[in-house]
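Structure first, then comments.
Number of protein chains: 2
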Amino acid sequence: MSEQTPRRASGGRKTDRKGPTKGERTRATILDAATELFSRSGFHAVSLRDIAAHAGLTHAGLLHHFPGKEDVLIKVLGRRDRADAALLWAPDAGERPEALLDAIVRIVHRNMATPGMVGLYVKISGEAADPEHPAHDYFVQRYRVLREALTRAFADLFARPDPPLHHDAGIVAGQFLALMDGLQTQWLLEPEAVDMHASVVAFLRQLGLTLELSAEPAPPTPATSEPSSPVPPAKEPHDTDRP
Amino acid sequence: MSEQTPRRASGGRKTDRKGPTKGERTRATILDAATELFSRSGFHAVSLRDIAAHAGLTHAGLLHHFPGKEDVLIKVLGRRDRADAALLWAPDAGERPEALLDAIVRIVHRNMATPGMVGLYVKISGEAADPEHPAHDYFVQRYRVLREALTRAFADLFARPDPPLHHDAGIVAGQFLALMDGLQTQWLLEPEAVDMHASVVAFLRQLGLTLELSAEPAPPTPATSEPSSPVPPAKEPHDTDRP
DNA sequence: GTCTATAGAAAGATAGAC
DNA sequence: GTCTATCTTTCTATAGAC
Chain U
1 MSEQTPRRAS GGRKTDRKGP TKGERTRATI LDAATELFSR SGFHAVSLRD
51 IAAHAGLTHA GLLHHFPGKE DVLIKVLGRR DRADAALLWA PDAGERPEAL
101 LDAIVRIVHR NMATPGMVGL YVKISGEAAD PEHPAHDYFV QRYRVLREAL
151 TRAFADLFAR PDPPLHHDAG IVAGQFLALM DGLQTQWLLE PEAVDMHASV
201 VAFLRQLGLT LELSAEPAPP TPATSEPSSP VPPAKEPHDT DRP
Chain W
1 MSEQTPRRAS GGRKTDRKGP TKGERTRATI LDAATELFSR SGFHAVSLRD
51 IAAHAGLTHA GLLHHFPGKE DVLIKVLGRR DRADAALLWA PDAGERPEAL
101 LDAIVRIVHR NMATPGMVGL YVKISGEAAD PEHPAHDYFV QRYRVLREAL
151 TRAFADLFAR PDPPLHHDAG IVAGQFLALM DGLQTQWLLE PEAVDMHASV
201 VAFLRQLGLT LELSAEPAPP TPATSEPSSP VPPAKEPHDT DRP
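Chains as they are written, first to last, in our numbering: chain U, 1 to 243; chain W, 1 to 243.
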């Protein structure tokens, strides 16, 4: 029954509304595999052969879809950050700054359910300190965007209480990101030794902020193995493609 | 004339008071080179040939002094941590818990003067999350020791003010280490974007602690290139040697 | 779109001369 | 203590058949 490529009816598939191409599905599978392996062992320690084997093809087949190893990495990172952005600036977040705190605590829980992805960011952001690293610019940009967004949100939050809190929102934004990253490093090394949720909540309390969600909101994803990706393959916002 | 071992007068050079052997000097040079290269590019991305060339010998020559690449890494890490330990628990630190805050701020400044070593720890601690990584156990142990020491110190500090502060010293210890690590990650990516000194001081203030040294204490090491090592080659306290 | 086959470079490690 | 030479493995990437 060689009923291959069953449904490519309407020609060039440009405005086709039906599901992903086989190529797109393969690329997604490759990115899933790369995500898992990079997460486990970093960038340099993982070979294209490893990724390809894990995705069910050969390394030559993989290179048909991606020009090189670095491109795979950039795509993996982009996919995850699009997911985080969707969580952080969800439509309902609108103008309520405390919605950001909600979202952040949600992300902490999501992270605790996906140690592999956490490991990926810890490892790659470490490697990326080298200006020669393929993901260097990516991470510089990433932290810039996150710091700016958090600075605005914290500034709003500090202005709200009576009396207002006197913190430097910019400093706190950097502190907060640093806290999350650093906690993850310790948590990956020894999960029982660090309570990421308690530490983050305590930090916000130390600032004088009051949280309504202090009680354990029960993470929606108690899975221990990576659920592929929370985001469907979508158009890249910041493109690093080379034709 | 098989009059070998020319000057080993007093037996096996055990209580010999004169300077380091040639071999010891070579090993120190190798560790300096490895430190610099691991700092710049991490563990996996650096080859023994790179290190050897940088130290002025061949990779075979290097392997005469170290059994393998992993051993070089462990020795590099051990040397730095012995230096930090000397700073953190200096003799004068005795029983004054605020001496620890002094020492911590000093370490922040030392770090800002040695971005290479900071990069080493950021990179290797990221890679070491993998239980297979040669430095995994080392880092687990390292964070355990640091958290315990900081927990005791913070507990003392919180009990001191009138009225005492009500923080969980264990949580704060983890937060503090996380803050330092995370700030370094951002600082390495974009040094102008993060003020490590201000962020750390602000954190201690957010806790309600008052510092006498708030004003810039002028780091004693304004150097930009690594000064080899602040600690002379000494007997390893935690030995990982294999004969 | 995926494969086999292979090129070409570089890795960690060892043997033995000097 | 350091070298040259070499072994063995593994890597990224390319060429071309199917």
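Note that the Cβ used here is the ideal one computed from N, Cα and C, for glycine as well.
query	result
When the Cα atoms are used, what is the spatial distance from W:T114 to U:T21?	50 Å
Is the beta carbon of W:A178 closer than 7 Å to that of U:L179?	yes
Can you list, in chain order, the residues of the region 137-159 of chain W whose Cβ is nearer than 8 Å to any Cβ on chain U?	F139, V140, Y143, R144 and R147
Quick one: is W:G19 near chain U, going by C-beta distance under 7 Å?	no
Which word fits W:G56, buried or exposed, when buried means at least 16 other C-beta atoms lie within 10 angstroms of its C-beta?	exposed
Let me check understanding here. Comparing Cα to Cα, which of W:W187, W:I30 and W:H133 lies closest to U:I171?	W:W187
Residue range of the alpha helix (DSSP H) that U:G174 falls in?	A169 to L189
Please classify U:E192: is it buried, with 16 or more other beta-carbons within 10 angstroms of its beta-carbon, or exposed?	exposed
Looking at chain W, is there any beta carbon in it that lies within less than 7 Å of the beta carbon of U:L77?	no
Thinking just about the alpha-carbon of each residue, which of U:Y143, U:L211 and U:A198 is nearest to the one in U:V108?	U:A198
Are W:D268 and W:P97 close, meaning C-beta to C-beta below 7 Å?	Because chain W in this structure spans residues 1 to 243, residue 268 of chain W falls outside the shown range and cannot be described.
Would the region 71-90 of chain U count as touching the region 27-47 of chain U if we require 3 or more Cβ pairs under 8 Å?	yes
Using a Cβ-Cβ distance under 7 Å, would W:D71 count as near chain U?	no
In whole angstroms, what is the alpha-carbon distance linking U:G19 and U:I51?	25 Å
Classify U:T185: buried if its beta carbon has 16 or more other beta carbons within 10 angstroms, exposed otherwise.	buried
Is it true that the CB of U:V76 sits closer than 7 Å to the CB of U:T35?	yes
Does DSSP classify U:D195 as helix, strand or coil?	coil
Are the beta-carbon atoms of U:L165 and U:F158 separated by less than 7 Å?	yes
Which of helix, strand or coil does DSSP assign to W:H54?	helix
Taking Cβ-Cβ distances below 7 Å as the criterion, which residues of the region 103-117 of chain U are in contact with chain W?	none
Could you check whether the Cβ of W:A53 sits closer than 7 Å to any Cβ belonging to chain U?	no
Using a beta-carbon distance cut-off of less than 7 Å, what residues from the region 34-62 of chain W approach chain U?	R40, S41, G42, H44 and A45
Hey, how far is the Cα of W:L204 from the Cα of W:D81?	23 Å
Just the Cα atoms here: how many angstroms apart are W:P131 and W:V145?	19 Å
To the nearest angstrom, how far is the alpha carbon of U:A215 from that of W:A129?	Low confidence applies here, because U:A215 scores a pLDDT of 49, under 50, leaving its location unreliable and the question unanswered by this model.
Quick one, are the C-beta atoms of U:A99 and U:L87 less than 7 Å apart?	no
Mind checking U:G126: buried by the 16 CB within 10 Å criterion, or exposed?	buried
Among W:N111, W:L207, W:V201 and W:S41, which residue has its Cα nearest to the Cα of W:A83?	W:N111
Thinking just about the alpha-carbon of each residue, which of W:G61, W:K123, W:R79 and W:A90 is nearest to the one in W:V46?	W:K123
Closest by CA to U:V201, which one among W:L209, W:T210, W:D168 and W:V201?	W:D168
Check U:H109 in the structure and name its three-state DSSP category.	helix
For W:D168, return the contacting residues in chain U, with the cut-off set at a CB-CB distance below 9 Å.	A198 and A202
Indicate whether W:F66 and W:L120 have their beta-carbon atoms separated by less than 7 Å.	no
Going by C-alpha distance, which of U:V105, U:G78, U:G23 and U:L101 is nearest U:M117?	U:G78
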